[in-house]
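A.B. asks: Residue numbers (the working numbering): 35 to 243. All C-beta atoms, glycine included, are put in the ideal place defined by N, C-alpha and C.
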Amino acid sequence: MKKDKYNRKFYTLMKHLVGVILWPVYRFKYTNAKKIPKEGRYIFAGNHISATDAILVGVGQKRPIRFMAKIELFNNPFVGWLLTKLGAFPVNRGKGDWDSINFAKEIIDSGESLGIFIEGTRSKTGELLRPKSGAVMIAHQMDCKIVPVSITYRTKKLHLFSRRYISFGEPVSVEELGITSGGPREYREASRQLMEKIRVMWEKDKYGN
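In structure tokens, the structure reads:
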């Protein structure tokens, strides 16, 4: 693994501190957060609506989750330093960033959990976007399970005080998503199936069904 400046104690401290600070603002509500095993190799794969998504997903789990983040965030020296200490790492979106993908595999291989927003970008409307295949590809190659994660709100538009709803699905294996030999076609179909699992939770949280 390349030089890793992640600090687990700092992550734990900041997770609790930020959780207390953000609660009065977002009043976040979790579903099934405690049903995810505390140990084991997992990819947490969710949709993406705001800059605080990774924080809210992390606060909802006792285990640290190390997120892929767009490389532009690391251009700011302080933000880049903070993200790195919290275990995030940059990915150059849309350019086949194999260095970051290999680093993600090393994280999983070391027994840690990986976080990926499978749409590849934030949704400006809050609606679900077409998923990318990176998460299922890594899960297949590393033989680990994926935890579907839904993040949404019920206000007409997302604003500072919109209550956030974060739901965690049952961990799913790549075999359950239909991947056998791997390959672009299987990865695309598996990604669609994964997004459908997210959609079920998303609609329940969005509309209160």
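What are the start and end residues of the alpha helix (DSSP H) that includes residue 49?
C.D. replies: That run of the alpha helix (DSSP H) goes 42-60.
A.B. asks: Return the first residue and the last residue of the beta strand (DSSP E) that residue 147 is part of.
C.D. replies: That run of the beta strand (DSSP E) goes 147-151.
A.B. asks: Can you tell me the Cβ-Cβ gap for residue 145 and residue 75, rounded? I've got them flagged as a contact below 8 Å.
C.D. replies: The pair is a contact, with the Cβ atoms about 6 Å apart (cut-off 8 Å).
A.B. asks: In chain order, which continuous runs of the alpha helix (DSSP H) of length 4 or greater are located wholly inside the stretch 69-121?
C.D. replies: Counting whole runs of 4 or more residues, the stretch 69-121 contains the alpha helix (DSSP H) stretches 87-93, 111-119.
A.B. asks: Just confirm the distance between the C-beta atoms of residue 179 and residue 205, as a whole number of angstroms; I'd bet it's less than 8 Å.
C.D. replies: Contact holds; Cβ gap of about 4 Å.
A.B. asks: Residue range of the beta strand (DSSP E) that residue 165 falls in?
C.D. replies: Looking at the DSSP string, residue 165 is not in any beta strand (DSSP E), and its letter there is neither H nor E.
A.B. asks: On the DSSP bridge assignment, give the partners of residue 186 in chain order.
C.D. replies: Its beta-bridge partners are 199.
A.B. asks: For residue 85, does the count of other Cβ atoms within 10 angstroms reach 16, so buried, or fall short, so exposed?
C.D. replies: Exposed, because fewer than 16 other Cβ atoms sit within 10 Å of the Cβ of residue 85.
A.B. asks: Could you round the C-beta distance between residue 125 and residue 141 to whole angstroms and report it? I think they count as a contact, below 8 Å.
C.D. replies: Not quite, the Cβ-Cβ distance comes to about 12 Å (not below 8 Å), so this is no contact.
A.B. asks: Taking three-plus beta-carbon pairs below 8 Å as touching, is the stretch 197-212 in contact with the stretch 88-97?
C.D. replies: Cβ pair count under 8 Å is three or more, so yes.
A.B. asks: Going by the beta-carbon positions, is the gap between residue 170 and residue 113 smaller than 8 Å?
C.D. replies: The answer is no: Cβ separation not under 8 Å.
A.B. asks: Rounded to whole angstroms, what is the Cα-Cα separation between residue 234 and residue 242?
C.D. replies: Cα to Cα, residue 234 sits roughly 12 Å from residue 242.
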